Amino acid sequence: TDGNGCQTMTMVVLEEPTQLELHLTPLNEGLCGDANGSITAFASGGVGPYTYDWSNDGPDNPDDDLPAISALGAGSYSVTVTDDHGCTIEAQITLTCVQPASISNLTWIDENANGIQDPGEDPLPNVTVVLDGVDVNGNPVNETAITGAAGQYLFDNLWPGTYKLTFATPPGGYVLTTANDPDANDGNDSDADPSMGGMTVFEVLTPGENNTDYDAGYYIPASIGNFVWEDLDADGEQDPGEPGLQGVPVTLTGTDGQGNPVNKTTTTDVDGSYLFDELVPGDYKLTFATLPGLVGSPLNQAAGDDAQDSDADPAMGGMTATETLVSGENNPNYDAGYFAPVKVGDYVWFDENANGVQDAGEPGIENVEVKLLDGAGSPVLADAGGNPVANQFTDANGLYLFDNLVPGVYKVMFINPNPAKYTLTIKDAGTDDAQDSDANQAMLMSDPTGFLSSGEEDLTLDAGFFAKVKVGDFVWHDLNGNGIQDAGEPGIENVPVTL
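See below:
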């Protein structure tokens, strides 16, 4: 109403603002230990604009009046929102996290190739290991690690998921050992499958799991070999100039470190050499076949030098002792020596003219006993096969023979078959040793042969005997002077007679 009494009316409607509301939305809740989370505040109602006051915004959010904060780890966060009229509202939220998983262990040198980490086996560094798979969020994962000096690798801070590992083959000739040994302790076996290029089976990692069971063992293939030779002097040692033997079958048998039986055969080359290579470490022995006409040399004779002796045991059919080969070992010490037996002999004859030479028509003497002696004059007890050496008796033609003898020096002794009848003829008459008599008259023994090497023979050891002759008869008194021994004419005593 004014001073004149005039009136007017106006209606004013006061509206109360809607209620202030606040909603918090968490994003990117991640692995525990990471700071990848974020929170966004959504304010509504009241009177805008709004201001935001976060209680724990972290160093990466200096402008804490913004509606969103990031780079957050797990924990509780609160925010107070104030509208333009000073009305406030507060809300709190907790960010959670997923405990990360890990997978690790080591690569090692499996010396015996048994697929188990045995005490004393060394780690293998610088092996490339690849992890791939899919995490629980559906994201593909592919990471690479290199084993350290202790052979260890580690893939950590992993999302739970399904993964496999692939162990690469390092340089230096290494190959993967057998996978998934049945040992109950999976932490001690090898998990990389050689047939799958070093890949493992898939492993499901759960939150917080630390799997230390995935390992890979490697070894370098082993080899064994060396040499088969003709042992000319049968001493069991590889002497200068003794040749290799070609074409000798050599068989390798045994069990490798992975429990597999092994049976392989090769043949010596033109130089007598042989080799079995690319072997899985394990326990092996060799068997050397004996070629026709040869005998194995004595075992382990080279004064402890295993590279120069013969290792094939003749008593075991040419088999060696068992040898354990380890990773990378090249054993060149398994050799075998062989020799061809030697023989001596020849002939005992009736030297009709006692000239010490085997003349045409002079017959052999049967059943003359001959003894075999060594170079020192001692009886030879065994032949090349270990059999007793018996005295020989000449045959119907006067021939005798000692064969299958070990190379060496020999002489023979002849037993006079009838001392009352026979006398040994003169020794070494003439120029042909094959046609004379070789036994001395005092001992009825020949001189030593030269050294008979593998396969040699001396068939010149002969002996001639002759029967003693006699002349004489009668000196008498020829009473009638007719030159005829007439009845009653007496002998004359004490007449000197000269031969």
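For the sequence shown, our numbering assigns the number 1025 to the last residue and increments by one with no breaks.
Cβ atoms here follow ideal geometry from the backbone N, Cα and C, with glycine treated the same way.
What you are looking at is a predicted structure, and each value in this text was computed from that prediction instead of being measured.
In this structure, the CA atom of Asp988 is about 26 Å from the CA atom of Gly911. Residue pairing for Gln918: DSSP places it in a beta bridge opposite Val896.
Collapsing the DSSP output to three states places Ser630 in a strand. Of Glu616, Trp634 and Pro1016, the smallest CA-CA separation from Ser581 is found for Glu616.
Counting of Cβ neighbours within 10 angstroms places Asn752 among the buried residues, the total reaching 16 or more. If you compare the alpha carbons of Val1023, Phe940, Phe802 and Ala902 with that of Asn893, the shortest gap goes to Phe940. Looking at the DSSP output, Ser980 sits in no beta bridge, so it has no partner there.
Contact between the segment 775-789 and the segment 805-818 is present: 3 or more CB-CB pairs across the two stretches fall below 8 Å. The straight-line gap separating the alpha-carbon atoms of Asp715 and Ala639 is approximately 11 Å.
Secondary structure note for Gln618: its beta strand (DSSP E) is the uninterrupted segment Thr614 to Leu621. Residue environment for Glu669: exposed (fewer than 16 other C-beta atoms within 10 angstroms of its C-beta). Listed in chain order, the beta strand (DSSP E) runs fully inside the segment 802-839 are 808-814, counting runs of at least 3 residues.
For Ser716, the three-state secondary structure derived from DSSP is coil.
Counting the other CB atoms within 10 Å of its CB gives Lys790 a total below 16, which places it among the exposed residues. For Pro858, the enclosing beta strand (DSSP E) starts and ends at Asn856 to Phe865. Along the length of the segment 734-778, whole alpha helix (DSSP H) runs at least 4 residues long do not occur. As computed with DSSP, Thr577 is found in a beta bridge with Thr608.
The beta carbons of Thr673 and Leu632 sit about 7 Å from each other, so the pair counts as a contact at 8 Å. In terms of CA proximity to Leu592, Thr608 leads the group Asn944, Leu985, Asn1020 and Thr608. In this structure, DSSP gives Ser799 an extended state, which the three-state scheme calls strand.
The Cβ neighbour count for Leu702, taken over all protein chains shown within 10 Å, is at least 16; the residue is labelled buried. Contact annotation: Gln784 and Gly646 have beta-carbon atoms that are not nearer than 8 Å. Here Asp648 is not bridged, per DSSP, to any residue. Where Ala847 is concerned, there is no enclosing beta strand (DSSP E), because DSSP gives it neither an H nor an E. For Lys937, the uninterrupted beta strand (DSSP E) segment begins and ends at Tyr936 to Phe940.
Following the DSSP letters along the chain, one finds Asn1020 in no beta strand (DSSP E), marked with neither H nor E. When C-beta atoms of the segment 988-999 are compared with those of the segment 866-883, three or more pairs fall below 8 Å, so the two segments count as touching. Taking C-beta atoms as the reference points, Thr566 and Thr577 fail to come closer than 8 Å. Under the 10 Å beta carbon count, Lys994 is surrounded by fewer than 16 other beta carbons and is classified as exposed. Exposed is the label assigned to Lys947, since fewer than 16 other Cβ atoms lie within 10 Å of its Cβ. When rounded, the separation of the alpha-carbon atoms in Gly798 and Val868 is 22 Å. When the beta-carbon positions are compared, Gly563 and Gly599 come within less than 8 Å of each other. Just so you know, the alpha carbons of Asn652 and Asn665 end up roughly 28 Å apart. Taking the Cβ atoms as the reference, Tyr864 lies roughly 4 Å from Leu820, within the contact range of under 8 Å. For Pro666, the enclosing beta strand (DSSP E) begins and ends at Pro666 to Ile672.
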